[in-house]
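Just below is one structure, and these are the notes that go with it.
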Amino acid sequence: MDIIELESWELALAGTLVVALAACTLSARLGVARSLLIAAVRMVVQLSLVGLVLRELFKANNPWGIGLIALVMLAVAGREVSARQKYRLRGMWGYGIGTGAMFVSSFAVSVFGLAAIVRAEPWWDPRYAIPVLGMLLGNTMTAVTLSIDRLTSSVWNSRETVEARLMLGETGIEAVSDFTREALRAGLIPVINSMAVAGVVSLPGMMTGQILAGNPPGDAVRYQILIWLLIAAGCGFGMMLAVRMTARRLFDERDRLRLDRFCR
Amino acid sequence: MLQVEKLCFLDWGPLSFSVDSGECLGLSGESGSGKSLLLRAIADLDEHGGEVLLDGKNCVDQPGAAWRGRVAMLAAESRWWFDSVRPHFPGGADESVFSALGFAGSEVMDWEVRRLSAGEKQRLALARLLVREPRVLLLDEPTANLDSRSTGLVEEVVAIYRDKQKVPVVWVGHNEEQLRRVANDVLRMQGKQLEEA
């Protein structure tokens, strides 16, 4: 069973829908027409390039090439995390904390999933490694972004309360404990929601892709289950790490609140 | 004894003074003259130069949180983070502290924070601080929102605590008359320096 190939003009047909949408937003003065079109063009260019890169990668089957691609993916995800923050840590910290947390969680969980569960030959076979890492990075990125943003915004808006707690002799970590809990909850809710409705409300992308490619639904489901479990673990651990590091960075070695380390 | 030696913060200072155990130092000065900043620096909430010692022990030789547990600052505006009063007193509280501050008794512990008036909050914030038994009190306009009766109660409660526990007190206020009443000595913040008032 071969997949029906999509011609470029057929994709362009779908593109006219987005152009029509842009025209509508323009007449409604939503002010998003430009970014909508740019995002659509970016998506097309990026995916086309990735298609080319992946084709070469699969052909070469070189672990160093895969490692390089993985690092590029991580670097871009890290940039997105720090770019989406309302209050950013100054210097390399803002970039470093998000990237570091994703490196530890996404990479570790991916390697675990590939080497211990999928066990392809070799375990880094790009056909498995790249999609798994991509899905994990994409989801951890959202979770880490949400949780750090929630933590820093809460502390920024409640700085007097945090300092009031410091004045009563609490440590920095104690003084923001309510906010770190909230931040972790906020970051995990999308993951929990998605898992709770998986298959009922939404058909996950990877499973859809496999079914489209002609794989038996049973296999597609098993892979999707694996991916969701890895995503949940990657998101959770990544957020815990990122929130913990951000909370530490909110205070200095004397446990003073240091919002001057953040900028808008 | 609280010793402040060559304390510098932002472009204030160097400021030096000391407060003996059981004594109260009054601190006056216009709004924005840096009185609150001085208290924050002593409590080690802001970066500062110079040294602060309590009974000969240097602030920097202990963790920040431990220092602030002993050198407790009462902010001009109190903040509350739980819905009711009780969880703000994790170690519980003796009924006497509430009655001394003009409340009917411990039932105030079950009140909702959002229903408290500014004056009630200010008095409860003092209670919240005192039950943790700090070794120094840094009070930033502790009677700013209070009527004359409550002001008298707060002055009395602080005086009793200071006497009984033999702790140094720094009292920041606008009212010179009150400062002369509660303090043994009054300094004035003027042009980023302290001078005898």
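Sequence order for the protein chains is E and H.
End of the first sequence = 264 in our numbering, gap-free, step of one.
End of the second sequence = 461 in our numbering, gap-free, step of one.
Heads up, the beta-carbon is just placed ideally off N, CA and C, and yes, glycines get one too.
From a predicted model like this one, the values you see are computed outputs, not experimental measurements.
Residue i - DSSP class collapsed to helix/strand/coil
i      : result
K385/H : helix
Q85/E  : coil
R304/H : helix
V268/H : strand
R90/E  : coil
D449/H : strand
E371/H : helix
V316/H : strand
L30/E  : coil
E459/H : strand
L394/H : helix
D125/E : coil
E10/E  : helix
L402/H : strand
E5/E   : coil
E253/E : coil
Outcome for residue i when other beta-carbon atoms lying within 10 angstroms are tallied against a minimum of 16
i      : result
A164/E : buried
V200/E : exposed
L260/E : Strictly speaking, residue 260/E in this sequence is Asp, with Leu absent from that position. It is exposed - the Cβ of D260/E has fewer than 16 other Cβ atoms within 10 Å.
G325/H : The residue you asked about is not Gly; residue 325/H is Asp in the sequence shown. Exposed.
W465/H : Absent from the model: residue 465/H. The displayed extent of chain H is 265 to 461, so no value can be given.
R256/E : buried
M337/H : buried
N193/E : exposed
V162/E : buried
D358/H : exposed
N448/H : exposed
D411/H : exposed
N139/E : buried
A391/H : buried
M92/E  : exposed
Start and end residues, alpha helix (DSSP H) containing residue i
i      : result
E419/H : S412 to Q429
V111/E : A108 to F112
Contacts that residue i makes with chain H (C-beta to C-beta distance below 7 Å)
i      : result
E170/E : A329
E163/E : L309
R254/E : D308 and G328
Contacts that residue i makes with chain E (C-beta to C-beta distance below 8 Å)
i      : result
R396/H : L168 and G169
M473/H : Here chain H covers residues 265 to 461 and nothing more, so residue 473/H does not appear.
Host beta strand (DSSP E) of residue i (start-end)
i      : result
F281/H : W276 to V283
W435/H : V433 to V436
S292/H : C288 to S292
L309/H : It is not in any beta strand (DSSP E) - L309/H carries neither H nor E in the DSSP assignment.
Partner residues on chain E for residue i, Cβ-Cβ distance less than 7 Å
i      : result
R332/H : L166, M167 and G169
Cross-chain neighbours of residue i in chain E, by beta carbon under 9 Å
i      : result
L393/H : M167 and L168
S300/H : Correct list: empty, because the minimum Cβ distance to chain E is about 12 Å.
Under 9 Å by beta carbon: chain H residues contacting residue i
i      : result
E182/E : Ordered by position in chain H, no residue passes the 9 Å Cβ test against E182/E, which lies about 12 Å from the chain.
Closer than 8 Å at the beta carbon, the chain H residues around residue i
i      : result
E160/E : A339, E341 and R343
D178/E : W345
Beta strand (DSSP E) runs wholly inside the region 318-361 of chain H, at least 3 long, in chain order: Secondary structure within the region 318-361 of chain H: the beta strand (DSSP E) runs of 3 or more consecutive residues, fully enclosed, are 335-338 (chain order).
Enumerated in chain order, which unbroken segments of the beta strand (DSSP E) with a length of 3 residues or greater are wholly contained in the region 148-187 of chain E? none
What ranges does the alpha helix (DSSP H) occupy inside the region 195-241 of chain E, keeping only unbroken runs of at least 4 residues that lie completely in it? As far as the region 195-241 of chain E is concerned, its whole alpha helix (DSSP H) runs of at least 4 residues are 205-212.
Fully enclosed by the region 36-88 of chain E, which alpha helix (DSSP H) runs are 4 residues long or longer? 63-83
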